[in-house]
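Peer 1:
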Amino acid sequence: MGADVTGYMAERTVFGNNFSIYIEAVNKEEADRLFAGLSADGQVMMPMSVAHWGDYFGMFTDKFGVNWLLNCARQHMG
């Protein structure tokens, strides 16, 4: 899934930061592995943790400036 970000949520819109890529992991271990690999040398905005809605969720911008949202549904956390 993709999501766009404009207006007040985008400090300065440039090619690559005006959208986010969303990944739904099949389990917590996959979420942690993907997060560690894709966020390396990037900027973590929200480390992987249980969010207020109950899913395991994290956000980061990778080293190329692309925004990512990573989620694992609570029923798949084990």
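In this text, residue positions in the sequence shown follow numbering that gives the first Met the number 0: the first is 0, and each later residue adds one. Here a beta-carbon is modelled for each residue, glycine too, at the ideal position from N, C-alpha and C.
1. Report yes if the CB atom of A50 is closer than 7 Å to the CB atom of F56, and no otherwise.
2. Would you call M47 buried or exposed, if buried means 16 or more other Cβ atoms sit within 10 Å of its Cβ?
3. On the CB-based measure, 16 or more other CB atoms within 10 Å of its CB, does G1 come out buried or exposed?
4. Given G41, which residues of its chain have a CB within under 7 Å of its CB, disregarding the five upstream and five downstream residues?
5. Are there 16 or more other CB atoms within 10 angstroms of the CB of W52, so buried, or fewer, so exposed?
6. Given a threshold of 16 other Cβ atoms within 10 Å of its Cβ, counted over all protein chains shown, does A24 qualify as buried or as exposed?
7. Give the DSSP bridge partners of V25, in chain order.
Peer 2: On the basis of the supplied data:
1. yes
2. buried
3. Note that G1 scores 45 on pLDDT, short of 50, meaning its location in the model is unreliable; the coordinates nonetheless yield the value given after this. Per the 10 Å Cβ criterion, exposed.
4. F59, T60, D61 and K62
5. exposed
6. buried
7. DSSP, once it has assigned bridges, lists no residue as partnering V25.
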